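Take 24 as the starting number for the sequence shown in my numbering and just add one per residue. All remarks here apply to the structure that follows.
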Amino acid sequence: MILVTGATGHLGKATIDSLLEKGIQANQISALVREEAKAQDLKAKGVTLKIGDYDDYISLVTAFKDVDKLFLISGTDVVNRSKQQESVIRAAKQIGVKRIYYTSFERKNDTETSPVAFLAESHLYTENLIKASGISYTIFRNNMYLDALPFFVGENFSQTGVFFPAGETKSAFASRRDMAEAVANVLTSEGHDNKTYFISNTENISMREVAEIIGNVTGKPVNYISPTPEVYADALSKADVPAEFVRMLSGTAEAIKQGEFSSEKTDLENLLGRKPTSAKEFLTQFYSKK
Numbered sequence: 024m025i026l027v028t029g030a031t032g033h034l035g036k037a038t039i040d041s042l043l044e045k046g047i048q049a050n051q052i053s054a055l056v057r058e059e060a061k062a063q064d065l066k067a068k069g070v071t072l073k074i075g076d077y078d079d080y081i082s083l084v085t086a087f088k089d090v091d092k093l094f095l096i097s098g099t100d101v102v103n104r105s106k107q108q109e110s111v112i113r114a115a116k117q118i119g120v121k122r123i124y125y126t127s128f129e130r131k132n133d134t135e136t137s138p139v140a141f142l143a144e145s146h147l148y149t150e151n152l153i154k155a156s157g158i159s160y161t162i163f164r165n166n167m168y169l170d171a172l173p174f175f176v177g178e179n180f181s182q183t184g185v186f187f188p189a190g191e192t193k194s195a196f197a198s199r200r201d202m203a204e205a206v207a208n209v210l211t212s213e214g215h216d217n218k219t220y221f222i223s224n225t226e227n228i229s230m231r232e233v234a235e236i237i238g239n240v241t242g243k244p245v246n247y248i249s250p251t252p253e254v255y256a257d258a259l260s261k262a263d264v265p266a267e268f269v270r271m272l273s274g275t276a277e278a279i280k281q282g283e284f285s286s287e288k289t290d291l292e293n294l295l296g297r298k299p300t301s302a303k304e305f306l307t308q309f310y311s312k313k
C-alpha cells in the first residue's frame, strides 16, 4: 500500500493521478487527509482516505496501518513543520512502514546564512531524522516550481513589468507535474533505497528571460526590474502584503540571486525517461490563456 500525505494539495493530487495513470489500482493507494469532505474527488477515484493530522500522533499511527510506502510531502506550517514531520517519522517507525519518500528542496547553502534558512531548517531536520530512523528512504531535492513563476511575476506585469529582486542569476525551475510523475516512477519501481535525487530542470533560466518569454507570448514587451531588497519589501508592505509573505518572497528572491536554485546536476530527466517541461513550454501554455 502506498500512502500519500498532503493528498489534497497540488503535488499530492498530481502524484496520485500519475500513479493511477501508471496502472496502480486505486485500492492500493491511500491519501492522508484531515477532512474527508475536502477529498471527495479522490474518494470518487477509488482512493482510500485515511484521516490523520500531523499534530495528532495517534491518528498518524492509525492511518499508517498496512502502509508499505509512505510519500511524505513536506508540510506548509513552517513554524511547526519540524515537530509535525518528526511525528510522522516516529509513527511510521512504530507501525512498521518499510520505505519513506520525502520532498526536500534544492540548495547550495545549508547554513544559517542562507536567505531561506527559516524555510530550510525543517527540511534539513527532517532529512536527518529520516536517515537516522533505520527506515529505507528516498529524498527528492526539489527545485523551485515553474508553477511559482506566475506568482513571482504578479498579475499586473503588463503595466508594471516583472518586479522581482532576483538579479540576473539563472535557476533550474521544474514543473510540479513533472516532479509528481518522477515520484510516481520511483514509487512503482525498485532500486531507490537510501538515495537522494536532484529534481531540477535540464536548463537554467533567469527572471529577465522569463519576462522576455511572457512578452513574446502576450505580444507586448514585458520589462524586468530587479530592485534592491529594501525597495521590494517596502513596495510589498505598502501593498498590504502580510509580513510573513514579504519575508518569504524577499528570501526566495535573494536565494535565486545567490544561485541557490541554479543547477548543472539533475536526476529528473532520467527518472522521467524524457526531457522535463521547459520554462518556455510552461510559460507559453500558461500565458497564452491570458
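We treat Cβ as the ideally placed atom computed from N, Cα and C, and that holds for glycine. All values reported here derive from a predicted model rather than from experimental measurement.
Inclusion of Lys-298 and Thr-211 in the CB contact set at 8 Å is not warranted, their separation being larger than that value. With a contact defined as Cβ atoms closer than 8 Å, Ser-137 and Ala-189 miss out at about 15 Å. Ala-86 sits close to Ile-74, with the two beta carbons spaced by under 8 Å. Ser-53 and Ala-276 have their C-alpha atoms roughly 36 Å apart. Beta-bridge analysis with DSSP links Ala-197 to Tyr-168. The distance from the Cβ of Ala-207 to that of Lys-45 is about 6 Å, consistent with a contact at the 8 Å cut-off. If you check the CB distance, Ile-158 and Ser-127 do not come in under 8 Å.
Contact check for Thr-192 and Ser-229: beta-carbon distance about 6 Å, within the 8 Å limit, so the pair qualifies. Judged by their CB atoms, Ser-223 and Ala-195 are nearer to each other than the 8 Å cut-off.
One thing to note: Ile-237 has its Cβ no nearer than 8 Å to the Cβ of Ala-302. Straight through space, the alpha carbons of Asn-217 and Leu-172 are spaced by roughly 32 Å. In this chain, Val-90 is not harboured by any beta strand (DSSP E), its DSSP state being neither H nor E. Out of Leu-142, Val-245, Asp-89, Phe-186, the CA that lies nearest to the CA of Val-101 is found in Leu-142.
Contact between the segment 238-258 and the segment 88-95 is absent: fewer than three C-beta pairs spanning the two stretches fall below 8 Å.
A Cβ-Cβ contact shorter than 8 Å links Tyr-220 with Leu-294. With respect to Asn-50, Thr-71 sits close: the two C-beta atoms are nearer than 8 Å. Beta bridge pairing from DSSP links Leu-95 with Tyr-125. In terms of Cβ geometry, Arg-164 and Glu-135 do not form a close pair [threshold 8 Å].
Distance from the CA atom of Phe-186 to the CA atom of Lys-280, rounded to whole angstroms, is 14 Å.
Under the DSSP assignment, Ala-262 falls outside any beta strand (DSSP E); it carries neither an H nor an E label. Secondary structure note for Lys-218: its beta strand (DSSP E) is the uninterrupted segment 218-222. When secondary structure is reduced to three states using DSSP, Phe-309 falls in the helix class.
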